[in-house]
Amino acid sequence: MRKPILAANWKMFKTRDEALDFIYEVNGNVPSKDLIDTIVCAPAIHLRTLVKRQGENLRIGAQNMHYADEGAYTGEISPNMLVSTGVTYVIIGHNERRRYNNESEQDVNLKLLAALSHGITPIVCLGETQEQYEHADTDYILREQVKTAFRGVKSVDASRVILAYEPIWAVGTGISAPSELADQKCGLVRRIIRQLYNQEIASEIRILYGGSVNPDNCEELMSKENIDGALVGGAALYPDKFLKMCDICLKCKSR
Ligand code: PGA
Numbered sequence: 017m018r019k020p021i022l023a024a025n026w027k028m029f030k031t032r033d034e035a036l037d038f039i040y041e042v043n044g045n046v047p048s049k050d051l052i053d054t055i056v057c058a059p060a061i062h063l064r065t066l067v068k069r070q071g072e073n074l075r076i077g078a079q080n081m082h083y084a085d086e087g088a089y090t091g092e093i094s095p096n097m098l099v100s101t102g103v104t105y106v107i108i109g110h111n112e113r114r115r116y117n118n119e120s121e122q123d124v125n126l127k128l129l130a131a132l133s134h135g136i137t138p139i140v141c142l143g144e145t146q147e148q149y150e151h152a153d154t155d156y157i158l159r160e161q162v163k164t165a166f167r168g169v170k171s172v173d174a175s176r177v178i179l180a181y182e183p184i185w186a187v188g189t190g191i192s193a194p195s196e197l198a199d200q201k202c203g204l205v206r207r208i209i210r211q212l213y214n215q216e217i218a219s220e221i222r223i224l225y226g227g228s229v230n231p232d233n234c235e236e237l238m239s240k241e242n243i244d245g246a247l248v249g250g251a252a253l254y255p256d257k258f259l260k261m262c263d264i265c266l267k268c269k270s271r
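Take the sequence shown: its position 90, counted from the start at 1, is 106 in the working numbering, and no numbers get skipped.
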């Protein structure tokens, strides 16, 4: 049994006061961490504020980090800094960072290796563009992304990675991928992991779906066998919707 995950990606939203309002409302109301991992990936400036106030069951993640321990990289944040702040998860290779910050597959690989070596759980985003989708290139893209991301990752570490299939055409558009398609692509990612490692790792690794998940479509997506949880942007900015999706995800996965 893979423990489900509901992860919020706040992107560049929320002032300090708004972040505090969220955490006070959500803490204490999320289901037990024994049953589901609930994670809020917040802007870096709020990480310490949130870590200090995180309850028993909620964990705080970053949305990005540099792969170096330190250096002359103005504006960047290192894995060491995240660890010393109490952050336990980091999103790597989100399509917005790939697009607006020119992050390459190699960067994703280096960041993934750095996160693992610092004991931070990486949430690695994968997914094709609208154009690639229309050209039926999704499977090829996913294979290349997974293969490059896991280069040099040892078997003992591989199942610590969380993957998130996020078709770019579904992110922030209000139109999620059809649940069958999302399930099929998460299944493909699992098969790629099996080919790279083995059956045991493939059945342990957790693969999320992301892209316009909300409380209305969550159940349909989360009932799919290969989808172990969700990475949610817009809808996860609201405490009530976040909590509702945590409950739905848990319910679907405990059937
Ligand atoms: P969305 O974002 O839920 O707003 O589509 C998902 C993401 O960017 O991870």
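Even for Gly, the Cβ is constructed at its ideal location relative to N, Cα and C.
What you are looking at is a predicted structure, and each value in this text was computed from that prediction instead of being measured.
Nearest residue (CA-CA) to A165, options N125, A23, P194: Nearest in C-alpha terms to A165, of all of N125, A23, P194, is N125.
Assigned exposure category for Y156 - 16 Cβ within 10 Å defines buried: With fewer than 16 other Cβ atoms within 10 Å, it is exposed.
For D53, the residue or residues it bridges with in DSSP: Looking at the DSSP assignment, D53 forms a beta bridge with I21.
Rounded Cβ spacing between D199 and N233 (contact assumed at less than 8 Å): Contact between D199 and N233 does not hold, since their C-beta atoms are separated by about 13 Å, which reaches or exceeds 8 Å.
DSSP bridge partner residues for C141 (one or two, in chain order): Looking at the DSSP assignment, C141 forms a beta bridge with A180.
Where G203 falls: helix, strand or coil (DSSP): In the structure shown, G203 sits in a helix (DSSP, three-state: H, G or I).
Reduced DSSP secondary structure (H/G/I, E/B, other) of I108: Three-state result, I108: strand.
Three-state class that DSSP yields for A251 in the structure shown: Here DSSP, grouped into helix, strand and coil, assigns A251 to helix.
Any non-hydrogen atom of the ligand PGA within 6 Å of S228 CB: Because some heavy atom of the ligand PGA lies under 6 Å away, the Cβ of S228 counts as near it: yes.
G188 CB to nearest heavy atom of the ligand GTP below 6 Å: No copy of the ligand GTP appears in this structure; the ligands present are the ligand PGA.
heavy atom of the ligand PGA below 6 Å from V248 C-beta: It does: the Cβ of V248 is within 6 Å (strictly closer) of some heavy atom of the ligand PGA.
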